[in-house]
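Chains as they are written, first to last, in the numbering used here: chain A, 1 to 364; chain B, 365 to 681; chain C, 682 to 1009. Positions of the beta carbon are idealized from the N, C-alpha and C atoms, including for glycine. Take a look at the structure below.
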Amino acid sequence: MTARALVEVRDLKVHFPIKSGVLFDRTVGYVYAVDGVSLSIPKGGTYGLVGESGCGKSTLGRGLLRLTEPTDGEIIFDGQDIRALSGEAMRRQRRRMQMVFQDPLSSLDPRQSVESLLVEGLKAHGLAKDKAATSRRLREVLDSVGLPASALRKYPHEFSGGQRQRIGIARALILGPELIVADEPVSALDVSIQAQVVNLLEDLQSSLELTYLVIAHDLAVVRHIADTVGVMYLGVLAEEAGADELYAEPLHPYTKALMSAVPVPNPTVEDRRERILLAGDLPSPANPPGGCRFHTRCPWAQPTRCRDERPALREVRPGHRVACHWAEEIAEGRIRPHEVEAELVHPETGPAELPDELTPQAIL
Amino acid sequence: MKPVTQHKIEKLERLAASTAEPGGVSLLRDASRRLARNPVAIVGAVIVLLFILVAALAPVIAPHDPVARYAELTRELTVDNIPGAQAGFPFGSDPLGRDFLSRLVYGSRQTLFVGVVATALGLAVGIALGTSAGAFPGRLGKWLDLGIMRVTDVMLALPSLLLAVTLVAVVARPSQWTVIVAVALVNVPIFARLLRGSMLAQRESDHVLAARALGVRQGAIVLRHILPNSVGPVIVQATLTFGTAIIEAAALSFLGLGDPDINRAEWGQMLGVDGVRYLEVRPELAYYPAIAIIIVALGFTLLGEAMREALDPKNRR
Amino acid sequence: MPLLDVQDLSVVFKRRGEQPFAAVDGVSFSVEAGQTVGLVGESGCGKSVTSLAIMGLLPKRGNSVSGQVLFDGLDLLGLSDNEMRDRRGRDIGMIFQDPLSSLNPVVPIGVQVAEVLQRHQGQDRRESTRNARELLDAVGIPDPDRRLKEYPHQISGGMRQRALIAMALACKPRLLIADEPTTALDVTIQAQILTLLKELVNGTGSALIMITHDLGVVAGLCDTVNVLYAGKVVETTERHRLFAAPRHPYTNGLMNSIPRLDLPRGTPLTPIRGSVNDNIPWREGCAFAPRCDNVLDVCLEGTPPLVDDGYAALRCNNPVSHAQEVAS
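Below is the structure:
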């Protein structure tokens, strides 16, 4: 990657207020969904963002596109801080940065035919003036995602999951964007279909010179598609490195645990594998642990420093950044893992809500 | 390895084509197709259609003038004797010597008018309020939402009939419009809340987010995505409301809060005023309007429930 | 005699105004005591319906279930609702994908676990509560005394799944059916739950039917794997054999279409073309034929039989040869 950065995110924060109160909302705290993330994506590159649910990876993707308004930080897109743009100026910039969603059905308006949902973006930017050119553009985009022109008259519910995701990709492509943020682009699809979409994204990248931010929980998918991979934990980057390097030698204890947990479709490998089982659950992002956010579950955590001092994301090797005080010591085997007592974690801090539907116990 | 021969490929294509849908079927058309297969919907639709037909063709169907008093009927008319069925007057007389059947037939017009206008009025105001509350993000939108919702809370807190009675009482001279406005008013908060709720859910949906990511303007997003996807439950509610509006209007007339014009035929009034007064003399005067109200309300309710079912995305294959 | 012997199980959905649809179409497999058997396939392949049919949990209306489900030699499909209810939870436990909707939201966890013990083992309140506490402890729920009194929404997804496992295990069932038990969970939590399941199977000697779409989960957990496609078993074999040489074009296609951490980065993915909806009815030929690269004329002349050659049972006229696989 020699090209300069197309997107650079500096110390981005997205905090959601937790509201409480009967008549008038009162802010009682914040969910620190994204809490100071810096990363940069070179033009034509693919940055993969992995992490478990609640780590803030989706919020980061939306914050980067200002679909969720960030609380603080800078987003430099092609040399310009888009956080400083006014509403209308930002709206005009949107044709340069698009999004592909996880659930292809819910992200397509069920009332719109494929034609109308593709034309909509063109109209919003005043690009649908010439009828013949528009129709040519629609066919061209559909063709590029492998759908026939007959799809134009159909509605989203008439397609299979994989085809719907192709429509979602076509919608993102229609404006000729430079950056595409793909939030879990294959996780809602059947296994046999995932590869079709992954290959399509790769083909489109090389033919259209796209820059990708791919957000996914599936480490194997991210490794396959990304050049650089960032691992998020509770709103911060724990580790970032080239895909090969990261998977060959993860340095952060959380990355190590994550890698060891991924099931591999190879019984011989599975039988021999040593799993690093993490104790307990992810702490609440509304009340993240002080110091290193991972210290409550880290088998390598060392007294006091991990608890007291937040580790900076530092470059320990060229292109390999880790937010761990003891990365070198762990890599060299000077610190051994130890048992961790599981802590109690409550999923919600606010007043708990009951689900809408009361389902009888299915098991009895 | 022997490759697949041509006729086998054709067979594959034929089999594949047989399972594929013809394409271009919108959700609405899909829903109406399912509606047409549902016997409940058909029963409801038939009742509603018959009712509308009767109302529209009342002058043709009704054997007599509903306002005129007929000598055949007034001849034996006393407080203790209201003539029943006789030649030319299959349902007999009303307490003033008018043809009861014709009045019942013409009553459908009044009922339809009150139901349609009251529902439409309530729907229009409800949609306006609900849209204002649910459409706009940001600080201003939040305050608007808060304000409108508290007002609807207050309206919902009052029992509907009480609200209507109060309104009728406030207006010096009751007319059919007081009934219409009262019934409409009662339904405004229901429509507003329903629409706002589904708009809030739509606002957070992925396809709205996708439209924002495309750079579609907020106004267009509200009009093209949020509102059309939110009105489904409101339309269903409107159909159901139609049934209750008829009953509420009848109830107000029953209580004597309706149109004081004695010439106007109206089911609620026929039931409430004449029906109750002469219940022991001729109970049919109460039965027939009551049955008419029940059947029509049932028709709209059945249709509404069937529509709810048809529009429910969970029922789609 | 195997613990569970499913013979020619079929489930046909009949809905008004629609063609009858065979969700499960003549599925046979068996489970030995202490064994873990996998049912693998994508959405719509019938794997979940199979488990519900075994448990007798399919609604009676609109479905017709045929075939035999022999548990210890007794056909479960012939049992009355009451008899089946007694066996569920006592002889056969089940774990579902979504632990939140499988738990009663208004009853504390401890009471829910204790209820199973009261119902099936006739334990009194105090005894069942004490045993419920032990069960929660056994499935690795920290501070079980406090958890007993908490409601499902107060604990995390991983803990809920553990609670559900505790309920399923309460009466030491001889067979446990887990339907996508880790699909809703994160990888690190999935690793915890899979390790727990493995320990439980080894520790108690009960059998496990693992239903999943994740080949990685199968590779680490199952002794025997049944691959399902469009309601039929297309390949059955021991897991090492299956992963070393997947012979059905569908199984082989699945393996080649997933990115794998155990292969070098940059290994191209070879997707299966079309989608799971592009099936043809089995009576017309092999349902997978429209998506298959190995398709022959004979594939469109009726259902290929499931043939066991001692290495694997295979429903295919033109299986992928392993030699060819190595060469390519």
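Give me the Cα-Cα distance between residue i and residue j, rounded to the nearest whole angstrom.
i	j	result
A/P263	A/E332	26 Å
C/P683	C/F752	8 Å
C/L944	C/K830	47 Å
C/V1001	C/S711	25 Å
C/V693	C/R742	11 Å
C/G991	C/A926	14 Å
B/Q450	B/A426	16 Å
C/E880	C/E713	17 Å
C/D686	C/I773	14 Å
A/T46	A/L213	6 Å
B/I657	B/I611	7 Å
A/L234	A/A286	10 Å
C/H894	A/L201	23 Å
B/L508	B/V586	16 Å
A/R95	B/L616	58 Å
A/L204	A/P104	18 Å
A/L117	A/F294	43 Å
C/K728	C/I892	7 Å
C/I953	A/A149	22 Å
B/V580	A/D109	14 Å
Using a Cβ-Cβ cut-off of 6 Å (strictly less than) and excluding sequence neighbours within five positions of residue i, which residues of its own chain qualify?
i	result
A/H15	Y30, Y32, T71
C/V976	A970
A/S260	R275, I276
C/I858	S732, M775, I890
B/L437	P447, S457, G461
C/V730	V692, A704, V705
C/M765	G737
Among the candidates the options, whose CA atom is the shortest distance from the CA of residue i?
i	options	result
A/R83	A/Q196, A/L65, A/A188	A/L65
A/R307	A/R297, A/D78, A/W300, A/G291	A/G291
A/H224	C/T951, C/V899, C/L875	C/T951
A/G87	A/A241, A/E69, A/S135	A/E69
A/S53	C/V988, C/D978, C/I870, C/H921	C/I870
B/F464	B/L417, B/L649, B/A482, B/R473	B/L649
C/N744	C/R697, C/F777, C/L757	C/R697
A/V322	A/A220, A/V198, A/E239, A/D218	A/E239
A/A299	A/H325, A/R272, A/P337	It should be noted that the sequence gives Pro, not Ala, for residue 299 of chain A. Of A/H325, A/R272, A/P337, the residue nearest in Cα terms is A/P337.
B/Y434	B/I512, B/I411, B/S466, B/L414	B/S466
C/R920	C/I939, C/T810, C/A900, C/E965	C/A900
Quick one: residues in its chain with C-beta nearer than 8 Å to the C-beta of residue i, no 5 flanking neighbours on either side, listed in chain order?
i	result
A/L67	M99
C/L856	L684, L685, V712, F752, D772, I773, G774, S887, A888, L889, I890
Beta-carbon within less than 7 Å of residue i's beta-carbon, same chain only, minus the 5 sequence neighbours each way: which residues are those?
i	result
A/I41	A5, L6, V7, Y47, T211, L213
B/E385	Residue placement at B/E385 is poorly supported in this model, since its pLDDT is 46, which falls under 50; the coordinates still yield a value, given next. Nothing listed; no residue qualifies.
C/V797	G770, M848, A851, C852
Open item on the list: With three or more C-beta pairs closer than 8 Å as the rule, is the region 415-423 of chain B touching the region 177-185 of chain A?
Closed with: Flag = no, the region 177-185 of chain A and the region 415-423 of chain B do not touch.
TODO: Assess, as a yes-or-no matter, whether the region 302-320 of chain A is touched by the region 897-908 of chain C under the definition of 3 or more beta carbon pairs within less than 8 Å.
DONE: Between the region 897-908 of chain C and the region 302-320 of chain A there are fewer than three C-beta pairs closer than 8 Å, too few to call the two in contact.
- [ ] Return the chain-ordered ranges of every alpha helix (DSSP H) run that is complete within the region 42-67 of chain A and spans a minimum of 4 residues.
- [x] Unbroken alpha helix (DSSP H) stretches of 4 residues or longer found wholly inside the region 42-67 of chain A: 57-64, given in chain order.
- [ ] Determine contact between the region 225-245 of chain A and the region 858-878 of chain C, defined as no fewer than three beta-carbon pairs at a distance below 8 Å.
- [x] Between the region 225-245 of chain A and the region 858-878 of chain C there are fewer than three C-beta pairs closer than 8 Å, too few to call the two in contact.
- [ ] Determine contact between the region 911-920 of chain C and the region 694-713 of chain C, defined as no fewer than three beta-carbon pairs at a distance below 8 Å.
- [x] Verdict: yes, contact present.
Task: 4-residue-minimum alpha helix (DSSP H) runs that sit fully inside the region 129-206 of chain A, ordered along the chain - done: Qualifying alpha helix (DSSP H) stretches, in chain order: 131-144, 161-173.
Task: Continuous alpha helix (DSSP H) assignments of at least 4 residues falling wholly in the region 883-949 of chain C - done: Counting only runs of 4 or more, we get 896-902, 920-925, 930-938.
Open item on the list: Quick check for students: name the residue ranges of the beta strand (DSSP E) that lie wholly in the region 261-317 of chain A, counting only runs of 3 or more.
Closed with: Segments of the beta strand (DSSP E) lying fully in the region 261-317 of chain A: 314-317.
Open item on the list: With three or more beta-carbon pairs closer than 8 Å as the criterion, would you say the region 580-599 of chain B touches the region 547-564 of chain B?
Closed with: Counting C-beta pairs closer than 8 Å gives three or more between the region 580-599 of chain B and the region 547-564 of chain B, which meets the contact rule.
- [ ] State whether the region 818-837 of chain C contacts the region 646-657 of chain B, with contact taken as three or more CB pairs (one from each stretch) at a distance under 8 Å.
- [x] No, the region 818-837 of chain C is not in contact with the region 646-657 of chain B.
TODO: Examine the Cβ distances between the region 662-676 of chain B and the region 595-609 of chain B and report whether three or more of them are shorter than 8 Å.
DONE: Output reads yes: the region 595-609 of chain B touches the region 662-676 of chain B.
Open item on the list: Tell me whether the region 240-247 of chain A and the region 79-93 of chain A touch, counting them as touching only if at least three CB pairs, one residue from each stretch, are closer than 8 Å.
Closed with: With the cut-off at 8 Å, the region 240-247 of chain A and the region 79-93 of chain A do not touch.
TODO: Determine, using beta-carbon pairs with one atom in the region 160-168 of chain A and one in the region 398-409 of chain B, whether at least three such pairs fall under 8 Å.
DONE: These segments do not touch.
Task: Complete runs of the alpha helix (DSSP H) confined to the region 796-838 of chain C [at least 4 residues] - done: Runs of the alpha helix (DSSP H) inside the region 796-838 of chain C: 806-819, 825-829.
TODO: Specify whether the region 533-544 of chain B and the region 562-572 of chain B touch according to this definition: at least 3 beta carbon pairs, one from each stretch, less than 8 Å apart.
DONE: The region 533-544 of chain B vs the region 562-572 of chain B: no contact.
TODO: Within the region 198-259 of chain A, note down every full alpha helix (DSSP H) run reaching 4 residues or more, in order along the chain.
DONE: 219-225, 243-248, all fully within the region 198-259 of chain A.
- [ ] Give a yes or no on contact between the region 834-845 of chain C and the region 784-793 of chain C, applying the rule of three or more CB pairs nearer than 8 Å.
- [x] They touch, by the three-pair rule.
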